[in-house]
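See below for the structure under consideration.
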Amino acid sequence: MKRDVKKYTDDFRLKVALEYLNTDQSQKEILNKYGIQGSNCITDWIRKFELRKPTSQDLEVRLQMAKSVKKTKLEKHQESKIKKLEELLKREQLKTEALDALINIAEENLKVDIRKKPGSKQ
Numbered sequence: 002m003k004r005d006v007k008k009y010t011d012d013f014r015l016k017v018a019l020e021y022l023n024t025d026q027s028q029k030e031i032l033n034k035y036g037i038q039g040s041n042c043i044t045d046w047i048r049k050f051e052l053r054k055p056t057s058q059d060l061e062v063r064l065q066m067a068k069s070v071k072k073t074k075l076e077k078h079q080e081s082k083i084k085k086l087e088e089l090l091k092r093e094q095l096k097t098e099a100l101d102a103l104i105n106i107a108e109e110n111l112k113v114d115i116r117k118k119p120g121s122k123q
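Basically the working numbering = 1-based index in the sequence shown + 1.
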């Protein structure tokens, strides 16, 4: 009985090969993940695209490059702006919680409906 041969695009092959090279997953795990039948497919694709596993020296160079990349003034400004906005959001959330608690207490103690009912006319 003849097996169905699946055709994979080069983009897919490259993606799978790079995933194998850049993760700690075994070929078998990746083959199962994508439902690939051939046991040598990934090895063949690595050869086809002339890829190789990064060496420890390659990884060290990447790490050094990542550390040496400095943030621009714009990035620093945007980060500080984001931090300020997050603080403001946190403060407003606390304020909203406090006001909610205040309304709940007032409604309980004064027996008066303060919140607007859904569907009521303005």
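Positions of the beta carbon are idealized from the N, C-alpha and C atoms, including for glycine.
Quiz item: Considering only residues of the same chain and omitting the five flanking positions on each side of residue 31, which have a CB-CB separation below 7 Å?
Solution: 17, 20, 21 and 43
Quiz item: How many angstroms separate the CA atom of residue 26 from the CA atom of residue 14?
Solution: 16 Å
Quiz item: Relative to the alpha-carbon of residue 36, which residue among 7, 61, 63 and 57 has its alpha-carbon at the smallest distance?
Solution: 7
Quiz item: Hey, would you say residue 108 sits closer than 8 Å to residue 101, going by beta carbons?
Solution: No, these two residues do not count as a Cβ contact at 8 Å.
Quiz item: Along the chain, which unbroken stretches of the alpha helix (DSSP H) at least 4 residues long are found entirely within the stretch 8-91?
Solution: 11-23, 28-35, 42-49 and 57-69
Self-check item: C-alpha distance - residue 120 paired with residue 112, whole-angstrom precision
Solution: 21 Å
Practice problem: Report yes if the C-beta distance between residue 104 and residue 116 is below 8 Å; otherwise report no. | Solution: Yes.
Exercise. Taking only the alpha-carbon atoms, compute the straight-line gap between residue 79 and residue 110 and give it to the nearest angstrom.
Key: 46 Å
Self-check item: Closest by C-alpha distance to residue 57, when choosing among 99, 73, 41 and 23
Solution: Measuring C-alpha to C-alpha distances from residue 57 to each of 99, 73, 41 and 23 identifies 23 as the nearest.
Exercise. Work out the CA separation of residue 106 and residue 63 for me, nearest whole Å.
Key: 58 Å
Practice problem: To the nearest angstrom, report how far apart residue 118 and residue 95 are at their CA atoms. | Solution: 24 Å
Quiz item: Got a sec? Which residues, its chain only, sit under 8 Å from residue 54 by beta carbon, not counting five neighbours each side?
Solution: Excluding sequence positions up to five before and after residue 54, its CB lies within less than 8 Å of the CB of 22, all in the same chain and listed in chain order.
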